[in-house]
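Engineer:
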Amino acid sequence: MSGNSVLFQLFNLQLEAFIDQIKYSTDHTKIHLSIQKAFSTYFCPCCESQVHEWLDWSSSYRKVECPYCKLHPRQRLFWLHLNQHPELLQGRLKILHFAPEFVFRERFSIMPNLEYITADLNDPAVDIRIDITNIPYPDNTFNVILCSHVLEHVPDDRQAMSELWRVLKPGGWAFLQVPIDSSLTETFEDPTITLPSDRLCHYGQEDHVRMYGLDYPDRLEAAGFIVNIEDVHQRLSEAEQLKYGVLAHPEKLYFGLKSINSV
Numbered sequence: 001m002s003g004n005s006v007l008f009q010l011f012n013l014q015l016e017a018f019i020d021q022i023k024y025s026t027d028h029t030k031i032h033l034s035i036q037k038a039f040s041t042y043f044c045p046c047c048e049s050q051v052h053e054w055l056d057w058s059s060s061y062r063k064v065e066c067p068y069c070k071l072h073p074r075q076r077l078f079w080l081h082l083n084q085h086p087e088l089l090q091g092r093l094k095i096l097h098f099a100p101e102f103v104f105r106e107r108f109s110i111m112p113n114l115e116y117i118t119a120d121l122n123d124p125a126v127d128i129r130i131d132i133t134n135i136p137y138p139d140n141t142f143n144v145i146l147c148s149h150v151l152e153h154v155p156d157d158r159q160a161m162s163e164l165w166r167v168l169k170p171g172g173w174a175f176l177q178v179p180i181d182s183s184l185t186e187t188f189e190d191p192t193i194t195l196p197s198d199r200l201c202h203y204g205q206e207d208h209v210r211m212y213g214l215d216y217p218d219r220l221e222a223a224g225f226i227v228n229i230e231d232v233h234q235r236l237s238e239a240e241q242l243k244y245g246v247l248a249h250p251e252k253l254y255f256g257l258k259s260i261n262s263v
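Mapping the sequence shown onto the UniProt record's numbering, position 207 (from 1) lands on 207, and the numbers just tick up by one.
1) Which whole-angstrom value describes the C-beta separation of F255 and L176, a residue pair presumed to lie in contact below a C-beta threshold of 8 Å?
2) Could you tell me if I229 is buried or exposed, where buried requires 16 or more neighbouring beta carbons within 10 angstroms of its beta carbon?
3) Quick check on the DSSP output: the alpha helix (DSSP H) that includes A239 runs from which residue to which?
4) Take residue 273 and list the residues in its own chain whose beta-carbon comes closer than 6 Å to its own, dropping the five residues that flank it on each side.
5) Between C46, S259 and Y244, which has its C-alpha nearest E106's C-alpha?
6) If distances are taken between C-alpha atoms only, which option among R92, Y42 and S58 comes closest to R76?
7) Please state whether DSSP places S58 in a helix, a strand or coil.
8) Could you please give me the residues that DSSP links to residue 280 through a beta bridge?
9) Are the CB atoms of V232 and L253 nearer to each other than 8 Å?
10) Distance check for C66 and H208, CA to CA, integer angstroms please.
11) Roughly how many angstroms separate the alpha carbons of D215 and E186, rounded to a whole number?
12) Taking buried to mean at least 16 other C-beta atoms within 10 Å of its own C-beta, is G245 buried or exposed?
13) Looking at the unbroken alpha helix (DSSP H) that takes in Q84, where does it start and where does it end?
14) Which of the three DSSP states, helix, strand or coil, is assigned to E163?
15) Tell me, which residues are paired with Q49 by DSSP?
The structure is reproduced here in structure tokens:
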């Protein structure tokens, strides 16, 4: 389907919704808001905002950031996955969230069925300061662990993965997203690369210590995880991909599961 066809399809959907909203309305303020909403091209599912244009995050990562919640395609895909699978957050759950995104923290913290704990090595705003390679909780503590774009910053990521598996309860799940270069068969890391400029050149960011390759699931499995890869992007129509700002970002989501039989 061509880009113009997708835009036309999306416009028609928005126009139909707009007509339905104002057909019987006499409230001019509501009509004005409906017009504004109808002609917003995009939608951020994370903060539920109508978006006219995605913002650039860097010179090489353009038109990706929500102007309201500042989240990117990978987070929008993750939130869409949760919306598609509400059973993932049902029941009494204890959650450990590393490097929490503000809008997710706001949402999870008010859910009455969750015991929600935020963690980071340096951020003073979290509930607990944690070295992810030495997590100060007993084995089998958490039902859910959220750890997105953290492991690429950790020198000993294998130890971190082992710790995440250790504190996850049997039957629990962890969201373990990292940037992956699909052109690399094996993860590239060199401990002698320490200058920020060199890390930017080799790893794509000044504070990264490796570039993960297609062997990333092997690392998770070596730590004990059962790896589940979700292709949320593929489950969306092209019009939906455009609407949510993920059309050009077909990133797969990586989940680590702990076997119910783990001891």
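Cβ atoms here follow ideal geometry from the backbone N, Cα and C, with glycine treated the same way.
Structural biologist: Straight from the coordinates:
1) As a working mapping, residue 255 is identified with position 255 in the sequence shown. As a working mapping, residue 176 is identified with position 176 in the sequence shown. Sure, about 7 Å apart at Cβ, within 8 Å.
2) Sequence index remark: in the sequence shown, residue 229 carries index 229 (1-based). Exposed, because fewer than 16 other Cβ atoms sit within 10 Å of the Cβ of I229.
3) Mapped onto the sequence shown, residue 239 falls at position 239. Unbroken alpha helix (DSSP H) run through A239: E238 to K243.
4) Residue 273 lies beyond the stretch modelled for the chain, which goes from 1 to 263, so this question has no answer here.
5) Residue mapping note: residue 106 aligns to position 106 of the sequence shown, counting from 1. The shortest Cα separation from E106 among C46, S259 and Y244 belongs to C46.
6) Taking the sequence shown and counting its residues from 1, one reaches residue 76 at position 76. Nearest option by C-alpha distance: Y42.
7) For the purposes of this step, residue 58 is taken as residue 58 along the sequence shown, with counting starting at 1. If DSSP states are grouped into helix, strand and coil, S58 belongs with coil.
8) Shown here, the chain extends from 1 to 263; a query on residue 280 therefore has no answer.
9) Within the sequence shown, numbered from 1, the residue matching residue 232 stands at position 232. Within the sequence shown, numbered from 1, the residue matching residue 253 stands at position 253. Closer than 8 Å, so yes.
10) Position 208 of the sequence shown holds residue 208. Position 66 of the sequence shown holds residue 66. In this model, H208 and C66 are separated by some 23 Å (Cα to Cα).
11) Position 215 of the sequence shown, counted from the first residue, corresponds to residue 215. Position 186 of the sequence shown, counted from the first residue, corresponds to residue 186. Looking at the two C-alpha atoms, the distance is approximately 5 Å.
12) On the sequence shown, position 245 is the one that residue 245 refers to. Classification for G245: buried.
13) In the sequence shown, residue 84 corresponds to position 84, counting from 1. Taken as a continuous stretch (DSSP letters only), the alpha helix (DSSP H) holding Q84 covers P73 to Q84.
14) Here the question's residue 163 lines up with position 163 in the sequence shown. When DSSP states are grouped into helix, strand and coil, E163 belongs to the helix group.
15) As a position in the sequence shown, residue 49 is number 49, starting the count at 1. Going by the sequence as given, residue 49 is Ser instead of Gln. Beta-bridge pairing links S49 to C44.
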